[in-house]
Structure formats: C-alpha cells, structure tokens
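Below is one structure, written out as structure tokens; comments come after it.
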Amino acid sequence: MRRIALLTLWIVASALATSAQVSYTFTSLDVPGSSLTRAHGINFRGDIVGLFIKNGGHGFLRHDGTYTTIDFPGSTFTSARGINSSGTIAGGYVDSNGANHGYILAGGTFTSFDFPGATFTDAYGINNAGDIVGDYLDGAGANHGFLLKNGTFSSFDAPNAAITGAKGINDALTISGTAISASGVDSGFLLKNGRFSSIVFPGAVSTDVFKLSNTNQIVGFYTDTSGVIHGFTRTAAGYQTLDFPGSTQTTALGVNVLVSVVGGYVDASGHTHGFLARLNSKLN
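For reference, each letter of the sequence shown is one residue, going 1 to 284 in the numbering used here.
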C-alpha cells in the first residue's frame, strides 16, 4: 500500500465572486414505486445513477428516461454513485454478513473490491480512465480517503481531519471530497498533485463537497446559520446556491461537463426525491 504524498499546505479558499449567477431548469426524479430516490452521478451522455428505496435499498441507472435496477448479486443493499462516459458504474453494497464493499459494474459484470485490511469500503467517484475514489475504515475504525488506480490503492487524509471522504475524481486526477475536523466541522477539499485546497461556501457553517467535472465545476451542499441544508455549485460564475424549488433541503451530488447537476431534495411533506438541474445558458 502506498500513500499519496501530502503537503502541509492547507489553502483556505476565499469567496469566489457570485455576481454572475446562472439559472437552471429542474426536473424531479423518482423511481416508480419507490419511497425515496436520490441521484448521485451523471455522465456526459446524461445517464444518471443513484439510490432508491423499495423493499430495501437498490441502485439505479436512468438512461433515456428509463430506470434499471442495480443490485450486487447476493447483497442486502446496493447504491450506485458514479458513472463515466463509457457507462462503467462505481458504488457500494452490503453483503449478507452486513459488511460494506465497493464495486464496479462494467459491461454487465460486477467486480467487488476492498481497500487492503479495511473493515468497510465504499466507492463514490469514477473517471473516464476507470480510476475510482471513495473512503474506507481501517482496523482501528479511522476513516480515510482512497484512490484506486491501475489496480493499486493509495490512502490519503486531509490535513487536520479526523475523517476524510473522497467523493469525485476527474480525468486530470483532481479529487474532490469532504473533511471533518475533530470538533465535527465539515469542509470540502480538492486534492491535486499532492496538494490540498479547502472549499468553503461563503458564510456557511459547514460545507460538504461531492463531485467535480472535467472542466472543474464543483457541487455539494452547505449548512447555513439557521441549520438549513442547501445545494451549491462552484463554476466560472462563482459560488451559487442550488435549491430545488419549494424544497426544505437540497443536496447537489453529481455534475457533468455540461454543468447538468443531480442530487436529492426533501419536499414539504418530508419525502426525498432525486433531481436533475439543467443549465439554461452557457457559462462565460
């Protein structure tokens, strides 16, 4: 096992300009018959993967408006979290013994994997080369991020973090994710060439970063001073809140190069739905 060389530099991100706000058209996503749907990833073609609850938890693929269920064979729970341009899917599943593992689904074939020595492994992001990121628990119960590249695992920890979770990776091998301090404060990060930079939504109490695109758009969610959770984007237009209309809570979890965003929202009745937000105009 090799570890990615970490530099001690932890750059606190200053607020990007938010003057050039952009608009989106929202579509609600629900797997038929489900009690909960949440979208986790979207590729260039517009294929969407995620999670739904219906007699247990299952992954899904939405292609051309049609939903297909994804269940790792023999699992009790499966979630699909990332999809690349070739349609390869990465995610996590729980086996019959209650253990959590990562998986890849390519060409209809599932492959399970675990970080060496881990008691828990989960996969979130995959790029077009098939490189995968996620997080794992070591034997002592500590949570770390990982990169799986060319069959080799690398472990990494954000500076001063008690918990590190990797959520996205693009073709330039920039990794996005969330670090949680010992005091329980969430902040987003980017990791590129061994350097960490911090991502904090302006004025937020906490910030969670999920996916990023090949053109470096970032999505995630933040908690405001009233305790409300909002989705956000960071694009060429700067930081921008992204809330599904009429929702009480929104989380942005995936983005593609067209700046189409997917995630989940909670309606006024307390039900969770997935969403797709399409950009209405090109970014400058």
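Every residue, glycine too, gets a C-beta built ideally from N, C-alpha and C.
>> If I follow the unbroken beta strand (DSSP E) through residue 249, where does it start and stop?
In response: 249-255
>> With the cut-off set at 8 Å, would you say residue 100 and residue 92 are in Cβ contact?
In response: yes
> Does DSSP put residue 215 in a helix, in a strand, or in coil?
Replying inline: Correct three-state label for residue 215: coil.
>> Output needed for residue 247: all residues of its chain with C-beta closer than 7 Å, excluding positions within five of it in sequence on either side, in chain order.
In response: Close CB contacts of residue 247 within its chain, under the 7 Å cut and outside five residues either way in sequence, are with 265, 266 and 267 (chain order).
> Is residue 217 buried or exposed, if buried means 16 or more other CB atoms sit within 10 Å of its CB?
Replying inline: buried
> Do you know whose CA, among 260, 40, 77 and 46, lies nearest residue 95's CA?
Replying inline: 77
>> Which residues does DSSP list as the beta-bridge partners of residue 101?
In response: 93
> By DSSP, does residue 45 sit in helix, in strand, or in coil?
Replying inline: coil
> What did DSSP end up calling residue 59 once you bin it into helix, strand or coil?
Replying inline: strand
> Do you know how far the Cα of residue 280 is from the Cα of residue 198?
Replying inline: 29 Å
> For the putative contact between residue 295 and residue 204, defined by C-beta atoms under 8 Å, what is the C-beta separation to the nearest angstrom?
Replying inline: A question about residue 295 goes unanswered here, because the residues of the chain that appear run from 1 up to 284.
>> Going by DSSP, what residue range makes up the beta strand (DSSP E) through residue 266?
In response: 261-266
> Between the C-alpha atoms of residue 24 and residue 188, what's the straight-line distance to the nearest angstrom?
Replying inline: 23 Å
> So is residue 102 buried or exposed if we call it buried at 16+ other beta carbons inside 10 Å?
Replying inline: Around the beta carbon of residue 102, a 10 Å sphere encloses 16 or more other beta carbons of the protein chains shown; the residue is thus reported as buried.
> Tell me the DSSP bridge mates of residue 110?
Replying inline: 105
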